[in-house]
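Data first, discussion second: the structure below is written as structure tokens.
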Amino acid sequence: MAGPLLEIEDLKVDFGTDEGTVHAVDGVSFALEAGEVLSIVGESGCGKSVTAMTILGLTRGINARIGGSVKYQGKELTTASSEELQAIRGDRIAMVFQDPMSSFNPVHKIGDQIVEAILAHRDMNKSEAQRKAVEALGSVGIPDPETRAKHYPFEYSGGMRQRAMIAMALALEPAVLIADEPSTALDVTIQAQIIELLRDLNQEHGLSVILITHDLGVVAEIADRVLVMYAGQIVEQGATDDVLQTPLHPYTRLLLSAVPDPEAGLRQERLPSRATRDLGAFGPGTQLVEPRPCHYVRESIT
Numbered sequence: 026m027a028g029p030l031l032e033i034e035d036l037k038v039d040f041g042t043d044e045g046t047v048h049a050v051d052g053v054s055f056a057l058e059a060g061e062v063l064s065i066v067g068e069s070g071c072g073k074s075v076t077a078m079t080i081l082g083l084t085r086g087i088n089a090r091i092g093g094s095v096k097y098q099g100k101e102l103t104t105a106s107s108e109e110l111q112a113i114r115g116d117r118i119a120m121v122f123q124d125p126m127s128s129f130n131p132v133h134k135i136g137d138q139i140v141e142a143i144l145a146h147r148d149m150n151k152s153e154a155q156r157k158a159v160e161a162l163g164s165v166g167i168p169d170p171e172t173r174a175k176h177y178p179f180e181y182s183g184g185m186r187q188r189a190m191i192a193m194a195l196a197l198e199p200a201v202l203i204a205d206e207p208s209t210a211l212d213v214t215i216q217a218q219i220i221e222l223l224r225d226l227n228q229e230h231g232l233s234v235i236l237i238t239h240d241l242g243v244v245a246e247i248a249d250r251v252l253v254m255y256a257g258q259i260v261e262q263g264a265t266d267d268v269l270q271t272p273l274h275p276y277t278r279l280l281l282s283a284v285p286d287p288e289a290g291l292r293q294e295r296l297p298s299r300a301t302r303d304l305g306a307f308g309p310g311t312q313l314v315e316p317r318p319c320h321y322v323r324e325s326i327t
């Protein structure tokens, strides 16, 4: 296939509130290639999840204003009808949401919820959909998937619920998986298993992944490229090794410096936290540095 799988151009998302307009995403542009793992990092509230949900049309509402372009294989999604989005959402672009504890309906069995998603997009009978749901659970490493498909969400551990969410997302064999903090609520052992699963799916099946995370260790392990977001904008992007080893933007450098170093003892300084959108938050006299190829560094965040 020629060209990127997913193209986002000058995406803007504003929300009207009682206290004024919130500019959640402000001019974001990037592309996702087939078979690529692209990671988006940044502090909470910088617009990562809103960007991801807008791709799937999940931020539409009477108080939302969306501008710019989101194209999947050349098809514009920001102006697509609800029916057109429904055909793409879950089928060609799937999403794993942040909290596996609340992502499933607690009164329905796991298998039934996956079957419902399959039947919404595929012309098959319920028995065929049930077999496909069991296969999906087995493909993400859930033991005895036929039995586990008959269990309710509360009968799953946190790690198994996250695997089941990934199974639901992958049941229709999408081309793009958006994983929003897929390992945040899990212990470190289960986190490693989930990240390993995403890497295997990418390498063995060519799945394109947008990974949203705070964990720069995960980024270093799995991502091909990384985007750094601040105040609704991308302030730096490039190959993962380049960004993590030789960051150009002051905010990226501060993010990396905030990663705990077990050999350095207790940190004395704190990562600056400012509600302003002024580059001055990174210190007086901050200057634009010459970007390397494939990087995009803004002189100002406004």
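When you line the sequence shown up against the working numbering, it's residues 26 to 327, in that order. The beta-carbon is built from N, C-alpha and C at its ideal position, and this holds for glycine as well. From a predicted model like this one, the values you see are computed outputs, not experimental measurements.
Exposed unless 16 or more other CB atoms sit within 10 angstroms - verdict on residue i
i, result
"S182", "exposed"
"K100", "exposed"
"S106", "exposed"
"R186", "buried"
"N227", "buried"
"Q262", "buried"
"R147", "exposed"
"F55", "buried"
"G72", "buried"
"G86", "exposed"
"S233", "buried"
8 Å Cβ shell around residue i - same chain, five flanking residues per side excluded
i, result
"L236", "V62, L63, S64, I65, A204, P207, L223, V243, V244, I247, A248"
"K151", "V140, L144"
Where the beta strand (DSSP E) containing residue i begins and where it ends
i, result
"A204", "201-205"
"L236", "233-237"
"E198", "Neither: E198 is in no beta strand (DSSP E) and is coded neither H nor E."
"Q258", "258-264"
For residue i, three-class secondary structure by DSSP
i, result
"A56", "strand"
"F122", "coil"
"R85", "coil"
"I167", "coil"
"H48", "strand"
"G93", "strand"
"V132", "coil"
"K175", "coil"
"S64", "strand"
"L102", "coil"
"R186", "helix"
Enclosing alpha helix (DSSP H) for residue i [first to last residue]
i, result
"R156", "151-164"
"G242", "241-247"
"D35", "D35 -> not in any alpha helix (DSSP H); beta strand (DSSP E) instead, spanning 31-42."
"Y276", "275-282"
"R224", "213-230"
Same chain, Cβ closer than 6 Å to residue i, five either side skipped, listed in chain order
i, result
"R114", "L81"
"A154", "V140, I143, L144"
"A189", "I135"
"I215", "G184"
**Asked** How do the segment 139-159 and the segment 193-203 stand: do at least 3 beta-carbon pairs fall below 8 Å, yes or no?
**Response** Touching, yes, given that three or more Cβ pairs across the two stretches are closer than 8 Å.
**Sufficient close CB pairs (3 or more, under 8 Å) joining the segment 111-127 to the segment 161-170** = Under the 8 Å Cβ criterion, the segment 111-127 does not count as touching the segment 161-170, having fewer than three qualifying pairs.
**Sufficient close CB pairs (3 or more, under 8 Å) joining the segment 38-50 to the segment 212-231** = The answer is no - the segment 212-231 does not touch the segment 38-50, with fewer than three Cβ pairs under 8 Å.
**Prompt:** Given 8 Å as the limit, is there contact between the segment 30-39 and the segment 82-100, that is, 3 or more CB pairs closer than that?
**Reply:** Three or more pairs of CB atoms, one per stretch, sit closer than 8 Å, so the segment 30-39 contacts the segment 82-100.
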